[in-house]
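One structure is given here, and the rest of the page talks about it.
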Ligand code: HDD
Ligand code: HEM
Ligand code: HEM
């Protein structure tokens, strides 16, 4: 049962990455908006994100709540070891969300608009970077090591070696860059579908291809660095029985995404990009299964009592019954092609 | 500042900030929906304008509420890993249910804000109602989690760890009903009077402004009943506290010694070293009467527990006096408004009434901050009452002053901006006078 809950957590994380990840990626492209259609690019991004970002954001809350309800030891452990990056990530989340809202609903004067645009864009770059760093830190096994030493050596070891080095290494930074590249890639690919005119579409096609190149570079870098900085991770990536098929599949999907962009099959590209990102996430999970925080906290030894897990699954099922129809309604309303044919309309 | 104090302060700042936005998120959708229903019924375009403007303000506040809430859900672990490790499995359930309420709220707020022309009028109003209901549901669930910290149930202790965890029993904790009721009423009273106060203030300048007159009425419909009920609900809360958390009651009342027929102290300042409360107006037997509905009942004083189990008594006492004082003002003002409306007076033209309403604008929010101070500081030194001390819950990481300052600075910055944006929004209100053509013209949108 604990495994089922852990898989659900991964699904929720996956949803967050695919949906909110693209919203962050949109912010990245807002940051890098260039060329003659700079303003149109920004408007497209704002319209794509506007109605849905708050709902997309809730997936993260679901992951957090799920973690502290069903794996309390994991939640408190991560919160201790990753205090600094998580706090940074929160600052990014706060600034991103509020800047976006201020820009969308606040006064429409030009200067504040641009100022909030800046904040929105910078925060959108910072947050995925730190999220990736946190994931890299967990994968590297150093977070787990730190938690093991804490009870005996907490008083003597230096602050830096306890609260900084576990998450700050070339490997984790590479994973952070990979996350950023992936989010930017997702966003650009989605935006090719959402754009209404051909020129904008081409803008984002070019961006998506650049981002795809960045994904390859950062992924390669992370893989190399994993040898020296995250040996357990790279062993897992190679040794687990799932590893090889997953790698091959990820590679195929990545190529499909790029080819689809190349030949301008937008919808196919969107699906393939989403699949590629999901597969990378699942590949990470497979590499460290059954551990949530390697090398010690596993699904088995950190799960909440049975009574809690059982009830949680019931609540989740009931919640899903309400949630999925509502989400479908939201996306049908704002993201289907028919909705887009009508002139985009905002509550002034 | 020590690490524990820094962590407590950071928690206090984060919660004190979040609650302002959460409260608006609970009550404001109700105002929007009432305004929209009135527009659809009467065709009075002013109500549509009102609904749209309120929706715009709510969107800003909601976004800040959502991000500050996210900060909180991380902070529970970042600052109190010991607490979450112990309690996660027990009270994760209400937080999870809250998660679904957020989903519903965020989804339908998106539909409401961006869907004015995309969906039918009925569907639009229904979306607004879902937002209003799920806001109330979020409050319900999260306050249940807090209630559990005040009266922990649903587990047994064995060597410091919980066994036999029963999350449903934990949610049915005795503090849950009084706290949830009081909190929901607080949200409607505070928001209703804040909105009424702002428009009342503007009506003092121009009592025939059609926009503000309508806004005032809608806001009072939500605020007045809640404010009148609040003392009743507060009495239920106080009786719960008297029974389950006698030390908290003693701190609220500045009751240092156990006594029969304890007096009710109004105002005053507890002198912890001298163990007495000075300068208070005392009503003999009043506390026993209120807390136990018997003027001779024995009220346990602070001396019933060792000094190290006392909360910071002056903070709790003063906060409680502030809440009750301002709450009484709001309730009396509510009764005044009901009487005036009963006699079919023109509320907006009554300058004294409008002054009193304008004065009330911040009071509900002050009550809420004060009331939470009573609840949270009054629970100290326990994070889980009688089970886990706050000092044992805090993270081992040193240097907590830094995140505390970062978060405080961030929130100060956001607070200033939000205030400025709302000011801007209010100041751009339409200036149509009552009786002008536009005020009664059929809706064009
Ligand atoms: C508009 C806001 C508001 C108003 C007018 C009042 N309160 Fe209140 N009070 C709150 C808002 C609030 C609150 C912020 O919402 C609290 C904090 C926790 C809770 O459940 O409600 C609270 C807590 C709280 C508690 C502590 C409960 C606990 O620790 O579990 C008591 C005993 C009272 N209140 C009593 C009263 C009385 C006798 C009032 C009479 C006028 C009153 N309140 C008005
Ligand atoms: C309803 C959900 C709430 C939960 C689950 C909750 C939880 C907590 C926790 C875990 C702590 C830290 C441990 C402790 O100091 O005891 C705390 C402290 C505190 N909270 Fe709350 N809280 C809630 C609501 C609020 C609200 C709305 C306020 C608003 C003002 C608030 C004000 C405070 C204060 C002032 C402290 C510090 C108390 C002290 O250390 O003296 N709380 N809360
Ligand atoms: C420890 C305490 C708390 C935690 C962890 C917490 C967590 C959260 C989170 C994660 C959100 C964002 C949801 C979204 O994205 O829409 C949120 C919003 C919200 N919270 Fe809290 N919260 C706490 C205290 C409270 C309290 C005391 C109340 C009210 C009584 C409250 C009521 C709400 C409401 C109504 C929202 C909806 C957003 C809004 O309208 O601004 N929360 N909270």
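Chains as they are written, first to last, in the numbering used here: chain A, 3 to 350; chain B, 4 to 448.
From the three backbone atoms N, C-alpha and C, an ideal C-beta is built for every residue, glycine too.
Check whether the segment 248 to 265 of chain B touches the segment 277 to 289 of chain B, taking contact to mean three or more Cβ pairs, one atom from each stretch, closer than 8 Å.
yes
Along the alpha helix (DSSP H) that carries residue 99 of chain B, what are the first and last residues, could you check?
As a position in the second chain, residue 99 of chain B is number 96, starting the count at 1. Segment 84 to 117, the alpha helix (DSSP H) holding residue 99 of chain B.
Could you tell me the distance, in whole angstroms, from the CA atom of residue 70 of chain A to the CA atom of residue 210 of chain B?
By one-based count along the first chain, residue 70 of chain A stands at place 68. By one-based count along the second chain, residue 210 of chain B stands at place 207. So the alpha carbons of these two residues sit roughly 53 Å apart.
Report the rounded CA-to-CA distance for residue 377 of chain A versus residue 302 of chain B, giving the unit in angstroms.
Absent from the model: residue 377 of chain A. The displayed extent of chain A is 3 to 350, so no value can be given.
Does residue 163 of chain B come within less than 8 Å of chain A when only Cβ atoms are used?
Along the second chain, read from residue 1 onward, the residue named residue 163 of chain B stands at position 160. Residue 163 of chain B does not count as touching chain A.
Does chain B have any CB closer than 8 Å to the CB of residue 124 of chain A?
As a working note, residue 124 of chain A is residue 122 in the first chain. Not one chain B Cβ lies under 8 Å of residue 124 of chain A.
Using 8 Å for Cβ pairs, my map puts residue 6 of chain B next to residue 405 of chain B. What's the rounded Cβ distance?
Counted from its first residue, the second chain places residue 6 of chain B at position 3. Counted from its first residue, the second chain places residue 405 of chain B at position 402. Actually they are not in contact, since the Cβ atoms of residue 6 of chain B and residue 405 of chain B sit about 11 Å apart, beyond 8 Å.
Minimum length 3: unbroken beta strand (DSSP E) runs contained in the segment 142 to 184 of chain B
159 to 161, 164 to 166
Among B:230, B:418, B:219, nearest to residue 349 of chain B - alpha-carbon criterion
On the second chain, position 346 is the one that residue 349 of chain B refers to. Residue B:219 is the option with its Cα nearest to residue 349 of chain B.
Members of the segment 188 to 204 of chain B near chain A, C-beta cut-off 7 Å:
none
Going along the chain, which residues of the segment 13 to 26 of chain B sit with their C-beta nearer than 9 Å to a C-beta in chain A?
none
Taking residue 250 of chain B as part of the alpha helix (DSSP H), name the residues at either end of that continuous run.
Position 247 of the second chain, counted from the start, is the residue given in the question as residue 250 of chain B. Segment 249 to 256, the alpha helix (DSSP H) holding residue 250 of chain B.
Where do the ends of the alpha helix (DSSP H) carrying residue 247 of chain A lie?
As a first step, residue 247 of chain A is located in the first chain; it is residue number 245 there, counting from the start. Per DSSP, residue 247 of chain A belongs to the alpha helix (DSSP H) from 245 to 264.
Ligand 1 heavy atoms versus the CB of residue 182 of chain B: any closer than 7 Å?
Here the question's residue 182 of chain B lines up with position 179 in the second chain. Because some heavy atom of ligand 1 lies under 7 Å away, the Cβ of residue 182 of chain B counts as near it: yes.
Please tell me whether residue 424 of chain B has its Cβ less than 8 Å away from any Cβ of chain A.
Here the question's residue 424 of chain B lines up with position 421 in the second chain. Judged by the 8 Å Cβ criterion, residue 424 of chain B is in contact with chain A.
Report the residue from B:241, B:46, B:110, B:332 whose alpha carbon sits nearest the alpha carbon of residue 328 of chain A.
Within the first chain, numbered from 1, the residue matching residue 328 of chain A stands at position 326. For the residues B:241, B:46, B:110, B:332, the minimum Cα distance to residue 328 of chain A belongs to B:110.
N- and C-terminal bounds of the beta strand (DSSP E) containing residue 273 of chain B
One-based indexing of the second chain puts residue 273 of chain B at position 270. Where residue 273 of chain B is concerned, the enclosing beta strand (DSSP E) stretches over 272 to 274.
Starting from the Cα of residue 131 of chain A, find the closest Cα among A:185, A:250, A:75 and give me that residue.
Taking the first chain and counting its residues from 1, the one referred to as residue 131 of chain A is at position 129. Comparing Cα-Cα distances from residue 131 of chain A to each of A:185, A:250, A:75, the minimum goes to A:185.
Among B:291, B:266, B:275, B:294, the one whose alpha carbon lies nearest that of residue 285 of chain B
As a position in the second chain, residue 285 of chain B is number 282, starting the count at 1. For residue 285 of chain B, the nearest C-alpha among the options comes from B:266.
For residue 267 of chain A, which of helix, strand or coil comes out of DSSP?
Position 265 of the first chain, counted from the start, is the residue given in the question as residue 267 of chain A. Coil, per DSSP.
Strictly by DSSP, which residues pair up with residue 385 of chain B?
Within the second chain, the letter at position 382 stands for residue 385 of chain B. Answer is B:392.
So, under 8 Å CB-CB, residue 213 of chain B and residue 391 of chain B are touching, yes? Tell me the CB distance rounded to an integer number of Å.
Locating residue 213 of chain B in the second chain gives position 210, where the first residue counts as 1. Locating residue 391 of chain B in the second chain gives position 388, where the first residue counts as 1. Not really, about 56 Å apart at Cβ, beyond 8 Å.
Thinking residue 207 of chain B and residue 361 of chain B are a contact (beta carbons under 8 Å), I'd like their distance in whole angstroms, please.
Here residue 207 of chain B refers to the residue found at position 204 when the second chain is read from its first residue. Here residue 361 of chain B refers to the residue found at position 358 when the second chain is read from its first residue. Right, the Cβ-Cβ distance comes to about 7 Å (below 8 Å), so this counts as a contact.
In the DSSP assignment, find the beta strand (DSSP E) that holds residue 280 of chain B and state where it starts and stops.
Reading the second chain from its first residue, position 277 is the one you call residue 280 of chain B. Segment 279 to 281, the beta strand (DSSP E) holding residue 280 of chain B.
Proximity to residue 389 of chain B [Cα-Cα], best of B:342, B:314, B:145, B:120
Position 386 of the second chain, counted from the start, is the residue given in the question as residue 389 of chain B. Nearest option by C-alpha distance: B:314.
Chain A within 8 Å of residue 401 of chain B, Cβ atoms only
For the purposes of this step, residue 401 of chain B is taken as the residue at position 398 of the second chain. With 8 Å as the cut-off, residue 401 of chain B counts as an interface residue toward chain A.
Residues bridged to residue 192 of chain A (per DSSP):
Here residue 192 of chain A refers to the residue found at position 190 when the first chain is read from its first residue. Residue 192 of chain A is not bridged to any residue.
May I ask you to verify whether the segment 77 to 85 of chain A touches the segment 149 to 167 of chain A, counting CB pairs closer than 8 Å and requiring at least 3?
yes
Chain-ordered chain B contacts of residue 165 of chain A [CB-CB under 8 Å]
For the purposes of this step, residue 165 of chain A is taken as residue 163 along the first chain, with counting starting at 1. 400, listed in chain order.
Closest Cα partner of residue 146 of chain B within the set B:161, B:325, B:184, B:411
Against the second chain, residue 146 of chain B aligns to sequence position 143. Among B:161, B:325, B:184, B:411, the Cα nearest to that of residue 146 of chain B is on B:184.
Check whether the Cβ atoms of residue 140 of chain B and residue 370 of chain B lie closer than 8 Å to each other.
As a working note, residue 140 of chain B is residue 137 in the second chain. As a working note, residue 370 of chain B is residue 367 in the second chain. No.
Given 8 Å, three or more beta-carbon pairs between the segment 22 to 31 of chain B and the segment 319 to 335 of chain A
no
Touching or not, the segment 329 to 347 of chain B and the segment 231 to 243 of chain B, by the rule of three or more beta carbon pairs under 8 Å?
yes
Does DSSP put residue 434 of chain B in a helix, a strand or coil?
Looking up residue 434 of chain B in the second chain gives position 431. Looking at residue 434 of chain B - three-state DSSP - the assignment turns out to be coil, as it is neither helix nor strand.
Would you say residue 209 of chain A and residue 190 of chain A are within 8 Å of each other, going by their C-beta atoms?
Taking the first chain and counting its residues from 1, one reaches residue 209 of chain A at position 207. Taking the first chain and counting its residues from 1, one reaches residue 190 of chain A at position 188. Contact flag set, yes.
Any chance you could list the alpha helix (DSSP H) runs of at least 4 consecutive residues sitting entirely within the segment 204 to 253 of chain B, in chain order?
213 to 247
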